[in-house]
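Visitor: The structure is given below, and queries will be raised subsequently.
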Amino acid sequence: MQIKHPYLLFLGEAADQLAAKTADGVARWRPEWCVGQLRLAGCCADVGLADLDLATAYGAGARTLVLGVANRGGIISPQWMSTLLEALDRGYDIASGLHTRLCQIPELAQRAEELGRELFDVRYPDLDLAVGNGERRGGKRLLTVGTDCSCGKMFTALAIEREMKARSMPADFRATGQTGILIAGGGISVDAVIADFIAGAAERLTPTADADHWDLIEGQGSLFHASYAGVSLGLLHGAQADALVMCHEPTRTHMRGLPDATLPSLTECIALNQQCGRLTNPSCRVIGISVNT
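To convert, take the position in the sequence shown, counting from 1, and add 28; that gives our numbering.
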């Protein structure tokens, strides 16, 4: 999927700043794509952009309304419907990373079809994916991996992209999660891909490229996390990474969401990721550590 920008970030009635973490991420990493924010009555979040209504933002160039709020259950609130329908009427596409699919809300789907607008449910890839084949591809690839989930893999990949581009190096962030896709304007949410096709999804996301070009791939989960290791392994194989950056949050006392599971050591984690990565790239190695403080 390729999402049109500039964006108008929709914060709804977010109860606090954390509830607007998706909008926060997009505003932080792609400020040049963001025309403003749209907040409903009672919103307690602010991502530092101009408060604009739909008409003003469209006149300023916005073409996609991004639902930048995370709520309990990942639902599309009924209180948002009038705003979403008006957005379609005014010429916007709509993008969402919530669990509730825009395309499964009949009123929205019908209006979008009538007007020729796009509804992007970025959590759910709509692609005909192949299984991975492990064949060598041109170009260079870096994958962020972690000792645990939610420890800075997206942030690290984006920070590396920013620094490489500042040095005029050819590099592109490749998104594998919902917020990352909205930041990149495209990508594949690998945690929603059927297991057999995760490696193939990574191969599709990072096709052959010029010899000096770097794909900077957002990692997911951890090989040591019982809940998400399957996604991590498929991504590691499909990425065919030349370089790995190990992400670590040193203050944790157990794996996130698993209070009885101890964290692996950095030594263990580096060794296993290199071993698994070398199935598809014998030169795969950890080149750095990113510490989330």
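We put the CB at the ideal spot given by N, CA and C, even for glycine.
If I'm right that A203 touches G215 with Cβ under 8 Å, what's the distance once you round it to whole angstroms?
Guide: The pair is a contact, with the Cβ atoms about 3 Å apart (cut-off 8 Å).
Visitor: Ignoring anything shorter than 3 residues or poking outside the segment 111-147, list the beta strand (DSSP E) runs there in chain order.
Guide: Entirely contained in the segment 111-147, the beta strand (DSSP E) runs reaching 3 residues are, in chain order, 121-124.
Visitor: What three-state label does DSSP hand C62 in the structure shown?
Guide: In this structure, C62 counts as strand in the three-state DSSP scheme.
Visitor: Which word fits K193, buried or exposed, when buried means at least 16 other C-beta atoms lie within 10 angstroms of its C-beta?
Guide: The residue is exposed, with fewer than 16 neighbouring Cβ atoms inside 10 Å.
Visitor: The alpha helix (DSSP H) that contains I298, what's its start and end?
Guide: Note, I298: alpha helix (DSSP H), 294-305.
Visitor: Buried or exposed: which applies to G205, given that a residue is buried once 16 or more other Cβ atoms fall within 10 Å of its Cβ?
Guide: Buried: at least 16 other Cβ atoms inside 10 Å.
Visitor: Please go through the same chain and pick out, in chain order, the residues whose beta-carbon is closer than 8 Å to the beta-carbon of D238, but skip the five residues on each side of it.
Guide: Hits under 8 Å: G166, G167, P198.
Visitor: Quick one: Cα of V314 to Cα of C131, how far?
Guide: Distance between the alpha carbons of V314 and C131: 41 Å.
Visitor: Determine which residues share a DSSP beta bridge with K168 and list them.
Guide: W242.
Visitor: Got a sec, what are the start and stop residues for the alpha helix (DSSP H) L264 sits in?
Guide: Element bounds for L264: 257-267.
Visitor: Leaving out the 5 sequence neighbours to the left and right, which residues in its chain are closer than 6 Å to Y152 when beta-carbon positions are compared?
Guide: Excluding residues within five positions, the ones whose Cβ falls inside 6 Å are A220.
Visitor: For L233, report the span of its alpha helix (DSSP H) as first-last.
Guide: Note, L233: alpha helix (DSSP H), 226-233.
Visitor: Note down the Cα distance separating D176 from G160, rounded to an integer number of angstroms.
Guide: If you take the alpha carbons of D176 and G160, they lie about 25 Å apart.
Visitor: Based on Cα-Cα distance, which residue from S178, T295, V259, G305 lies nearest to T279?
Guide: Closest by alpha carbon: S178.
Visitor: Could you tell me whether the segment 110-121 touches the segment 138-153, where touching means 3 or more Cβ pairs closer than 8 Å?
Guide: Counting Cβ pairs under 8 Å, three or more are found: they touch.
Visitor: Should the segment 64-72 be called in touch with the segment 38-49, which here means at least 3 C-beta pairs below 8 Å?
Guide: Yes, since at least three Cβ pairs between the segment 64-72 and the segment 38-49 fall closer than 8 Å, the two stretches touch.
Visitor: Checking 9 Å against the spacing of the C-beta atoms, do I31 and A123 come in under that value?
Guide: In this structure, A123 lies closer than 9 Å to I31 by Cβ.
Visitor: Classify T321 as buried or exposed, calling it buried when 16 or more other Cβ atoms lie within 10 Å of its own Cβ.
Guide: Exposed: under 16 other Cβ atoms inside 10 Å.
Visitor: G174 and I226 look like a contact to me (Cβ under 8 Å); what is the Cβ gap, rounded to whole Å?
Guide: Their Cβ separation, rounded to whole angstroms, is 17 Å, which puts G174 and I226 out of contact at 8 Å.
Visitor: Around the Cβ of G185, are there at least 16 other Cβ atoms within 10 angstroms (buried) or fewer (exposed)?
Guide: Reading the sequence as shown, one finds Ala at residue 185 and not Gly. Result: buried.
Visitor: For a test of the three-state rule: what should DSSP assign to Y86, helix, strand or coil?
Guide: Three-state result, Y86: helix.
Visitor: By a C-beta neighbour count over all protein chains shown, 10 Å radius and 16 as the cutoff for buried, is R169 buried or exposed?
Guide: By the neighbour-count rule (16 or more Cβ atoms within 10 Å), R169 is buried.
Visitor: Grab me the residues of A42's own chain with a C-beta within less than 7 Å of its C-beta, minus the 5 sequence neighbours each way, in chain order.
Guide: Result list for A42: A48, C71, C72, A73, V97, in chain order.
Visitor: Measure the alpha-carbon distance for Q107 versus R100 and round it to whole angstroms.
Guide: Using only the alpha carbons, I get a separation of about 15 Å.
Visitor: Below 8 Å on the Cβ atoms is my guess for V319 versus H276; work out the distance and round it to an integer in Å.
Guide: Correct: roughly 6 Å between the Cβ atoms.
Visitor: How should I222 be labelled, buried or exposed, when 16 other C-beta atoms within 10 angstroms of its C-beta is the threshold for buried?
Guide: Its Cβ having fewer than 16 others within 10 Å, I222 is exposed.
Visitor: Helix, strand or coil, according to DSSP, for V218 in the structure here?
Guide: Looking at V218 - three-state DSSP - the assignment turns out to be helix.
Visitor: Please report the residue range of the beta strand (DSSP E) in which A51 lies.
Guide: A51 -> not in any beta strand (DSSP E); alpha helix (DSSP H) instead, spanning 49-57.
Visitor: Would L294 pass as a contact of T281 if the rule is Cβ separation under 9 Å?
Guide: No, the pair does not count as a contact, with Cβ atoms beyond the cut-off.
Visitor: Based on DSSP bridge pairs, tell me the residues matched to Y152.
Guide: Beta-bridge pairing links Y152 to no other residue.
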